[in-house]
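What follows is a single structure, written as structure tokens, with notes after it.
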């Protein structure tokens, strides 16, 4: 058996992207702490992975929209020095327009996609900096850079994930902590059913498997990518996007308005 690389804590681990990360990281030599709401699925996955990899696997049933459960996972991430990797994967989405959306459901989405992710990232980062090592992976979405594709609140939460992660990478890069944001496109998971648009309605050429997504994301991590878009054919396109964004920097704050406003 491969020597342990420490523990990886994965949220939203019971299915889809989270379950695939669990499989891949266990095979790479990580012991696991799997977090999700569905106890039956978690235990079944843990049993399967333990049989296949002989890794040490712990299951923690938690609903990250419940303050007490969120605090419990924060405490684990903050205190357990064996944890060397966090996959911040738990999240929900929506496809309906804002006017057709339920306000309470939008609030719950913001709490999970933004608040829970942020609190867990802070807890893990504090632990990792104290240890002088660690890896933090936040799962975003391509709607972070294409917000008109789905529900605007969902796009807004994922834009936050991207901006937050890039800022965090800048903050932690000299402290021994690696930070990556993964921006998936359409992935074959239960996300679409929950969001109200079955994945079968999408063209097959648009939809990636969780296996291909996670394998590409982990390859991007190994290559040192800070932002990984698994479906983007040419990384130079992202470089051009970043170059254009950075070019705005010197002109984003001045004492006088731009001449075109005639002020």
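In our numbering, the protein residues as written are 3 to 265.
Ideal Cβ positions, reconstructed from N, Cα and C, are used throughout, including at glycine.
Check your understanding: Leaving out five residues before and five after residue 151 in sequence, what residues of the same chain have Cβ atoms less than 8 Å from its Cβ?
Key -> What you label residue 151 is simply residue 149 of the chain shown in a count that begins at 1. Answer for residue 151: 144, 145, 157, listed in chain order.
Review point. Quick one: any contact between the segment 158 to 170 and the segment 201 to 208, if contact means 3 or more CB pairs under 8 Å?
Key: Judged by Cβ distances under 8 Å, the segment 158 to 170 makes no contact with the segment 201 to 208, as fewer than three pairs qualify.
Check your understanding: If we ignore side chains and look at the alpha-carbon of each, how far apart do residue 231 and residue 187 end up?
Key -> Translated into positions along the chain shown, residue 231 becomes position 229. Translated into positions along the chain shown, residue 187 becomes position 185. If I take the Cα positions, the gap works out to 8 Å.
Point to revise | DSSP-derived helix/strand/coil call for residue 180 | key: Your numbering for residue 180 matches position 178 in the chain shown. Strand, per DSSP.
Check your understanding: If you drop the 5 nearest sequence neighbours on each side, which residues of the same chain put their C-beta closer than 7 Å to that of residue 133?
Key -> If you number the chain shown from 1, residue 133 lands on position 131. Hits under 7 Å: 83.
Check your understanding: Would you call the segment 98 to 107 and the segment 29 to 36 touching, i.e. three or more CB-CB distances under 8 Å?
Key -> no
Check your understanding: Taking C-alpha atoms, which residue in 178, 154, 139 lies nearest to residue 167?
Key -> Residue mapping note: residue 167 aligns to position 165 of the chain shown, counting from 1. Closest option to residue 167, Cα to Cα, is 139.
**Study point:** Same chain, Cβ closer than 8 Å to residue 26, five either side skipped, listed in chain order
**Key:** The residue given as residue 26 occupies position 24 in the chain shown. If we look at residue 26 and ignore the five residues flanking it on each side, its Cβ neighbours are 216, 217, 220.
Review point. Using a Cβ-Cβ cut-off of 7 Å (strictly less than) and excluding sequence neighbours within five positions of residue 41, which residues of its own chain qualify?
Key: Sequence index remark: in the chain shown, residue 41 carries index 39 (1-based). Excluding residues within five positions, the ones whose Cβ falls inside 7 Å are 63.
Review point. So, is residue 47 buried or exposed, given that buried needs 16 or more other C-beta atoms within 10 angstroms?
Key: As a first step, residue 47 is located in the chain shown; it is residue number 45 there, counting from the start. When all chains shown are included, residue 47 counts as buried.
Practice item. Determine the contact status of residue 111 and residue 49, defining contact as a CB-CB distance below 8 Å. Key: Position 109 of the chain shown, counted from the start, is the residue given in the question as residue 111. Position 47 of the chain shown, counted from the start, is the residue given in the question as residue 49. No.
**Study point:** Opposing strand residues paired with residue 90 [DSSP bridges]
**Key:** Taking the first residue of the chain shown as 1, we reach residue 90 at position 88. Residue 90 is bridged to 140.
Check your understanding: Can you give the beta carbon distance from residue 125 to residue 80, rounded, assuming they're within the 8 Å contact cut?
Key -> Residue mapping note: residue 125 aligns to position 123 of the chain shown, counting from 1. Residue mapping note: residue 80 aligns to position 78 of the chain shown, counting from 1. With a Cβ gap of about 4 Å, residue 125 and residue 80 count as contacting.
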